[in-house]
Each structure stands twice: as structure tokens, then as C-alpha cells.
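**Q** Residue numbers (our numbering): 24 to 273.
(1) Roughly how many angstroms lie between the CA atoms of residue 219 and residue 269, to the nearest whole one?
(2) Taking the alpha-carbon of residue 126 as reference, which of 91, 143, 120 and 145 has the nearest alpha-carbon?
(3) Using 8 Å for Cβ pairs, my map puts residue 108 next to residue 154. What's the rounded Cβ distance?
(4) Smallest Cα separation from residue 261: which of 246, 241 and 237?
(5) Per DSSP, residue 147 is paired with what?
(6) May I have the straight-line CA-CA distance separating residue 306 from residue 112, to the nearest angstrom?
(7) Write down every uninterrupted run of the alpha helix (DSSP H) in the stretch 69 to 127 whose length is 4 residues or greater and which is fully enclosed by it, in chain order.
(8) How many Å lie between residue 102 and residue 140 at the Cα?
(9) State the start and end residues of the unbroken beta strand (DSSP E) segment that holds residue 65.
(10) Give the DSSP bridge partners of residue 185, in chain order.
(11) Give the straight-line distance between the Cα atoms of residue 130 and residue 164, rounded to the nearest whole angstrom.
(12) Pull up the distance between the alpha-carbon of residue 184 and that of residue 145, whole angstroms please.
(13) Name the residue from 65, 181 and 132 whose alpha carbon lies nearest to the alpha carbon of residue 124.
(14) Please determine, among 229, 190, 63 and 105, the residue with the shortest C-alpha to C-alpha distance to residue 93.
(15) The beta strand (DSSP E) that contains residue 165, what's its start and end?
(16) Let's test the definition: count the other Cβ atoms within 10 Å of the Cβ of residue 150 and tell me whether it reaches 16, buried, or not, exposed.
(17) Distance, Cα to Cα, residue 85 vs residue 255?
(18) Measure from the alpha carbon of residue 148 to the alpha carbon of each residue in 132, 114, 172 and 167, then state which is nearest.
(19) Closer than 8 Å by C-beta to residue 62: which residues in its own chain qualify, once you throw out the five before and the five after it? Chain order, please.
(20) Relative to the alpha-carbon of residue 74, which residue among 244, 95 and 133 has its alpha-carbon at the smallest distance?
(21) Is there at least one non-hydrogen atom of the ligand FAD closer than 8 Å to the beta-carbon of residue 180?
(22) Can the beta-carbon of residue 250 be found less than 9 Å from the beta-carbon of residue 234?
(23) Comparing alpha-carbon positions, which option in 169, 253 and 182 lies nearest residue 114?
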């Protein structure tokens with residue numbers, strides 16, 4: 024059963040995608056991770072064989088640990104839905120959870136947006152454009168409690184052709200800080216104060232902006248509102264194709 028898509032952000036905006044929600048009914052109970060004293064819940068590099076627990080199947084994909092370029096990775100294949108992959112039960116945990124993992128598509132697969140989805144709410148997080156020629160790190164930070172988090176790809180018609188590889192999964196839970204707000208080098212912003220976290224006039228390059236969908240971006244000096252340069256967006260084939268930026272590192 025397919026559930027409604029998450030609303031897509033149109034035009035220029037942060038990296039996002041319409042990720043399909045996984046079915047909630049009929050799934051077997053999944054093991055819940057247990058927080059470690061150092062904040063790392065668990066990490067997997069798939070060098071020790073076929074055990075990917077505490078992650079479990081999301082949907083009905085074929086999962087297999089294989090060797091790729093001399094390293095163990097998880098191959099996710101035979102996908103029938105965009106949510107087919109792996110998921111992690113996070114119920115019972117409280118605090119700020121961060122999930123980081125590396126993704127790469129199978130050889131010959133066109134680029135696609137992929138990210139992590141949290142349930143309930145089916146909120147997409149940390150979407151990145153993933154290709155078949157290099158690994159892409161996808162990171163999502165969210166507040167627990169949440170029921171689970173899973174990997175999802177954009178809404179694509181031939182999803183069964185989009186096999187991918189997963190490696191280097193790290194899940195952490197932020198430890199409570201004893202430092203009071205404002206005790207560090209920079210004072211904490213006052214309530215309601217606007218804080219600039221990124222600003223560019225494209226005078227020194229794209230500054231972290233990249234093309235979303237089929238869009239291509241480049242700095243040009245042909246037009247400029249101020250200064251000498253602006254960002255030129257071309258090769259758009261849909262309204263939501265444009266310039267995007269991943270805000271998680273900020």
C-alpha cells in the first residue's frame with residue numbers, strides 16, 4: 024500500500040525530495056537500539072558478514088552483504104517501492120539522534136535523490152543527490168522519541184532498477200551538555216533574534232549550492248544584482264529543478 028508523498032519544496036531551497044512512506048501495518052516488531060555511555064548507539068561497516076542488526080527490512084527488498092572494491096557493503100536490491108531498504112526502530116530513546124551513512128547506486132543507475140525518513144510524520148531529512156560513481160554521505164539529525172527511521176529514494180517509476188549500496192552506518196545520541204547557553208566563545212542568540220548561518224554573493228564560487236533534479240548551476244559574470252557574479256541555473260525540466268543546499272553542516 025502506498026501512502027501520500029511528503030510535500031516537495033519547489034524552486035530554490037534546501038535539499039529535499041518527495042520520499043514515499045513505508046507501510047506501517049503488518050511489519051514484524053524490530054529490535055530497539057540501546058544507548059551506550061559514549062553516545063554512540065551503534066556503528067556498522069559490514070566487514071563482519073551478513074549481520075546488519077539492529078536495522079531490519081523496510082518493505083520487501085533483497086538484502087545481501089557483498090564485497091565491493093575490497094570492502095564489505097550492504098546491497099539493497101529487488102526494490103518494488105521507494106521505501107524499500109532498511110529501517111531502524113528508535114522508540115524508547117530520548118534526545119537528539121543523528122544517523123549518518125554512505126550510499127552509492129549500482130553501476131549504470133541514473134542519479135536520484137535519497138535521504139532518511141522519520142516516522143511518525145514521514146518527514147524526509149538530509150536528502151542528497153546520489154550517483155553510481157562515488158559514495159555520498161547522508162546525515163539526518165532529529166529529536167527522539169520517534170518510532171523509526173528508514174532510507175528512502177525519490178518517487179521514481181522504475182524503482183526496481185534503483186539498486187544501491189549502504190556502508191558505514193553510525194547512529195549517535197547527543198549527550199546532555201553541562202554548559203549553560205552562552206557560556207562558550209559566542210553568546211547564545213536572544214529569543215527571536217535572526218541569526219545569519221550562510222550568506223553568499225557568488226563572488227568566490229557556488230559556495231555549497233548545487234543543482235537539484237536535472238538542474239545545473241554555475242557562477243556567471245553575465246548578470247549580477249550586486250558585485251560581479253550571480254548563480255546561473257540551467258537545464259531545468261521541472262518546476263522544482265533549481266539550486267539547492269544541504270543545511271545540516273551549518
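We treat Cβ as the ideally placed atom computed from N, Cα and C, and that holds for glycine. Only a predicted model underlies this, so the values are computations on that prediction, with no experimental measurement involved.
**A** So, from the listed chains and residues:
(1) C-alpha separation (whole angstroms): 15 Å.
(2) Nearest C-alpha to residue 126: 91.
(3) About 17 Å separates the CB atoms of residue 108 and residue 154; that is not less than 8 Å, and the two are not in contact.
(4) If we check each option's Cα against that of residue 261, 237 comes out closest.
(5) BP columns for residue 147 point to 140.
(6) One cannot answer for residue 306 here, as it falls past the ends of the chain, which runs 24 to 273.
(7) Not a single unbroken stretch of the alpha helix (DSSP H) spanning 4 or more residues falls wholly within the stretch 69 to 127.
(8) Take the alpha-carbon of residue 102 and the one of residue 140: they are about 17 Å apart.
(9) Per DSSP, residue 65 belongs to the beta strand (DSSP E) from 63 to 67.
(10) Partner(s): none; residue 185 has no beta bridge.
(11) One C-alpha to the other measures close to 29 Å.
(12) Residue 184 and residue 145 have their C-alpha atoms roughly 24 Å apart.
(13) Residue 65 holds the alpha-carbon nearest to the alpha-carbon of residue 124 among 65, 181 and 132.
(14) Of the listed residues, the one whose Cα sits closest to residue 93 is 190.
(15) Unbroken beta strand (DSSP E) run through residue 165: 159 to 167.
(16) Its Cβ being crowded by 16 or more others within 10 Å, residue 150 is buried.
(17) Their backbone Cα atoms lie some 41 Å apart in a straight line.
(18) Here the closest residue by C-alpha is 172.
(19) Excluding its 5 nearest sequence neighbours in each direction, residue 62 has C-beta neighbours in its own chain below 8 Å: 195, 196, 197 and 198, listed in chain order.
(20) Cα-wise, what sits closest to residue 74 is 95.
(21) With respect to small molecules bound, the structure shown includes none, and the ligand FAD cannot be examined in it.
(22) No Cβ-Cβ contact shorter than 9 Å links residue 250 with residue 234.
(23) Comparing Cα-Cα distances from residue 114 to each of 169, 253 and 182, the minimum goes to 169.
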